[in-house]
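Protein sequence lines correspond, in order, to chains D and S.
Per the numbering used here, the first sequence starts with residue 96, numbered consecutively.
Per the numbering used here, the second sequence starts with residue 1100, numbered consecutively.
Using N, Cα and C, we set each Cβ at its ideal position, and we do this for glycine too.
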Amino acid sequence: DTAVSQTPKYLVTQMGNDKSIKCEQNLGHDTMYWYKQDSKKFLKIMFSYNNKELIINETVPNRFSPKSPDKAHLNLHINSLELGDSAVYFCASSHGVSYGYTFGSGTRLTVV
Amino acid sequence: AQTVTQSQPEMSVQEAETVTLSCTYDTSENNYYLFWYKQPPSRQMILVIRQEAYKQQNATENRFSVNFQKAAKSFSLKISDSQLGDTAMYFCAFIYGNQGGKLIFGQGTELSVKP
């Protein structure tokens, strides 16, 4: 069983479209995250949810909206996609800060 | 603000040799945790090793060990007996606080192990 699973793994879409990335974890962790990895491989946090409550919201355009229906799921919806949104998006979860995060396998989003 | 710096964008090492990747960080916190993550070409982020700042003893995981210098805010990773499968991007990361603290990453070091 995959601990943190993201779907889809690859997403190619046109500018202006709306798309969603889904994430599920079966580790029983309370906290989930979305990270963006840019073309230079730099990883930056976007959002964090703890028990369905938003606790971190970095400077991210309003076109990005996370949704957590329960503590095992954190989805990312992106409206009006732009070329600059092309990146790898990682979902992660954690049980306290001391153990680090467990990451999903990433979603490569390409906007054309 | 907390920052993590990896000053070596790329490194290479011969198979079976030892290599050290550098990482420095900046924080005013006293209790925090440091990590090294590996990202092979498969893209998966894999936790390699972790260090608790309040522990003076350096962490070791098989061929991977760290040199943690708290006063110097330095956290280097040593890979012994390098293997071809160690070829990957390596990220140093820092976290503090309680539940929901954010993991802050360095820029990464791309390591190539040559046969």
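Which of the three DSSP states, helix, strand or coil, is assigned to residue i?
i              : result
residue 1106/S : coil
residue 1202/S : coil
residue 1175/S : strand
residue 1120/S : strand
residue 192/D  : helix
residue 165/D  : strand
residue 133/D  : coil
residue 1125/S : strand
residue 149/D  : strand
residue 1133/S : strand
residue 176/D  : coil
residue 138/D  : strand
Output, in chain order, the set of chain D residues within a Cβ distance shorter than 8 Å of residue i.
i              : result
residue 1178/S : Ordered by position in chain D, no residue passes the 8 Å Cβ test against residue 1178/S, which lies about 19 Å from the chain.
residue 1174/S : Near residue 1174/S there are no residues of chain D at all, since even the closest Cβ is about 14 Å away, more than 8 Å.
residue 1193/S : Residues of chain D passing the Cβ test: none, with the nearest at roughly 10 Å.
Go through its chain and collect everything with a Cβ distance to residue i's Cβ below 6 Å, but skip five positions before and after it.
i              : result
residue 145/D  : 125, 126
residue 1177/S : 1119, 1164
residue 187/D  : 128, 196, 198
residue 1173/S : 1123
residue 139/D  : 131
residue 1214/S : 1114
Determine the chain D residues that contact residue i at a beta-carbon separation under 9 Å, and present them in chain order.
i              : result
residue 1188/S : 136
residue 1107/S : Near residue 1107/S there are no residues of chain D at all, since even the closest Cβ is about 14 Å away, more than 9 Å.
residue 1132/S : 192, 193, 194, 195
residue 1101/S : Chain D residues near residue 1101/S: none, gap ~12 Å exceeds 9 Å.
Can you list the residues of chain S that residue i reaches, using a CB-CB cut of under 8 Å?
i             : result
residue 142/D : Within chain S, no residue comes near residue 142/D; the closest Cβ sits about 10 Å away, beyond 8 Å.
Go through its chain and collect everything with a Cβ distance to residue i's Cβ below 7 Å, but skip five positions before and after it.
i              : result
residue 1211/S : 1111, 1186
residue 1169/S : 1152
Which residues in the same chain as residue i place their Cβ atom closer than 8 Å to its Cβ, once the five residues preceding and following it in sequence are excluded?
i             : result
residue 115/D : 170, 171, 172, 173
Give the residues of chain D in contact with residue i, contact being defined as C-beta atoms less than 7 Å apart.
i              : result
residue 1201/S : 140, 143, 151
residue 1196/S : 192
residue 1207/S : 136
Show which residues of chain S have a CB atom less than 9 Å away from the CB atom of residue i.
i             : result
residue 200/D : 1141, 1142, 1143, 1144
Contact residues within the stretch 146-160 of chain D, judged by C-beta distance below 7 Å to chain S: So the list reads 150, 151, given in the order they occur along the chain.
Below 9 Å between beta carbons is the criterion; list the residues of the stretch 1139-1169 of chain S that meet it against any residue of chain D, in chain order. Hits within the stretch, in order: 1141, 1142, 1143, 1144, 1145, 1146, 1149, 1151.
Could you run through the stretch 168-190 of chain D and flag, in chain order, every residue whose CB is less than 7 Å away from some CB of chain S? Answer set for the stretch 168-190 of chain D: 183, 185.
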